[in-house]
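Residue numbers (the numbering used here): 5 to 263.
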Ligand code: NAP
């Protein structure tokens, strides 16, 4: 299917590796003009080179921290009028809420709630004026089924989810959609960190914890980041104009509910 995105402009945040990079790769395959963002410039440049070699579309890079006003200014300077915005950042650390101070909560909120809201605020009116906009927020399966040790993520991302539920309805008539993509267990560095945290907290070897989670998943495997990127590209497509305000879980069927 041609997603009719050729020549559209996109900002993809936190895109030097993992899920963000897979979204950038899938959009580059569709001929989207990309600005990709992450903090470490060398890793980001490598990602841009990989995307260019694979797709023939060379992204521009902005080495910036999405949680800072300065970082967001640099991103918007490079791409002031995006048609597509993919919000993403690192996930907060695992732990016990008894050990978290206000500062820990503020950091989680900055990464996983407030930075996406600030970037939507800066770009959405232009999308409305041009009558095309696709915003995808990468959140987590933890929004639908909380993960005990990821309390900072459960809390901050739920705040974003609630906010988006209201905003998405107000922009839909202008062909500006906002959806959240909820990854389950995808084979990335973040997953490795979380598996290690789970192994440490349950005092079990990490390979036991890993095999157990794979065995519990209906697909008997972790997700491939490119499967995530393809869904993201579809949500950005012209054809997805009638989908908005949705929380789309991609978890191999791990969530056991009927809905
Ligand atoms: P990852 O492999 O660790 O990649 C994280 C990316 O984010 C890197 O490119 C990193 O580059 C960038 N980044 C982090 N903080 C940033 C910031 N403040 N500003 C700009 N870039 C930033 O993680 P992932 O697995 O792709 O996960 C992406 C998101 O999905 C995370 O929020 C994660 O918690 C969530 N998630 C993932 C899974 C999973 O199974 N993988 C499951 C549920 C939720 P720099 O460090 O160079 O900035």
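Idealized CB from N, CA, C, for every residue including glycine.
Closer than 6 Å: residue i CB and nearest the ligand NAP heavy atom
{"i": "residue 106", "result": "no"}
{"i": "residue 137", "result": "no"}
{"i": "residue 22", "result": "yes"}
{"i": "residue 142", "result": "yes"}
{"i": "residue 95", "result": "yes"}
{"i": "residue 202", "result": "no"}
{"i": "residue 42", "result": "yes"}
{"i": "residue 187", "result": "yes"}
{"i": "residue 126", "result": "no"}
{"i": "residue 294", "result": "A question about residue 294 goes unanswered here, because the residues of the chain that appear run from 5 up to 263."}
{"i": "residue 190", "result": "yes"}
{"i": "residue 69", "result": "yes"}
{"i": "residue 31", "result": "no"}
{"i": "residue 46", "result": "no"}
Cβ distance (whole Å) where residue i is taken to contact residue j below 8 Å
{"i": "residue 34", "j": "residue 245", "result": "Contact flag wrong, Cβ pair sits at about 15 Å."}
{"i": "residue 248", "j": "residue 172", "result": "5 Å"}
{"i": "residue 13", "j": "residue 51", "result": "Incorrect: roughly 18 Å between the Cβ atoms, too far for contact."}
{"i": "residue 270", "j": "residue 165", "result": "Since the first residue shown for the chain is 5 and the last is 263, residue 270 is missing from the structure and cannot be characterised."}
{"i": "residue 181", "j": "residue 226", "result": "Their Cβ separation, rounded to whole angstroms, is 28 Å, which puts residue 181 and residue 226 out of contact at 8 Å."}
{"i": "residue 202", "j": "residue 213", "result": "5 Å"}
{"i": "residue 91", "j": "residue 158", "result": "Their Cβ separation, rounded to whole angstroms, is 18 Å, which puts residue 91 and residue 158 out of contact at 8 Å."}
{"i": "residue 185", "j": "residue 252", "result": "5 Å"}
{"i": "residue 39", "j": "residue 79", "result": "7 Å"}
{"i": "residue 119", "j": "residue 93", "result": "6 Å"}
Residue i in three-state terms, based on DSSP
{"i": "residue 232", "result": "helix"}
{"i": "residue 9", "result": "coil"}
{"i": "residue 101", "result": "helix"}
{"i": "residue 221", "result": "coil"}
{"i": "residue 147", "result": "helix"}
{"i": "residue 135", "result": "coil"}
{"i": "residue 181", "result": "strand"}
{"i": "residue 84", "result": "coil"}
{"i": "residue 140", "result": "strand"}
Exposure label - residue i; buried when at least 16 CB within 10 Å
{"i": "residue 5", "result": "exposed"}
{"i": "residue 30", "result": "buried"}
{"i": "residue 222", "result": "exposed"}
{"i": "residue 59", "result": "buried"}
{"i": "residue 10", "result": "exposed"}
{"i": "residue 20", "result": "buried"}
{"i": "residue 206", "result": "exposed"}
{"i": "residue 261", "result": "exposed"}
C-beta contact flag for residue i and residue j at 7 Å
{"i": "residue 160", "j": "residue 124", "result": "no"}
{"i": "residue 138", "j": "residue 17", "result": "no"}
{"i": "residue 82", "j": "residue 70", "result": "no"}
{"i": "residue 97", "j": "residue 15", "result": "no"}
{"i": "residue 61", "j": "residue 28", "result": "no"}
{"i": "residue 169", "j": "residue 8", "result": "no"}
Residue i at chain B interface by Cβ criterion, 7 Å
{"i": "residue 54", "result": "The question asks about chain B, but that chain is absent: this structure has only one protein chain."}
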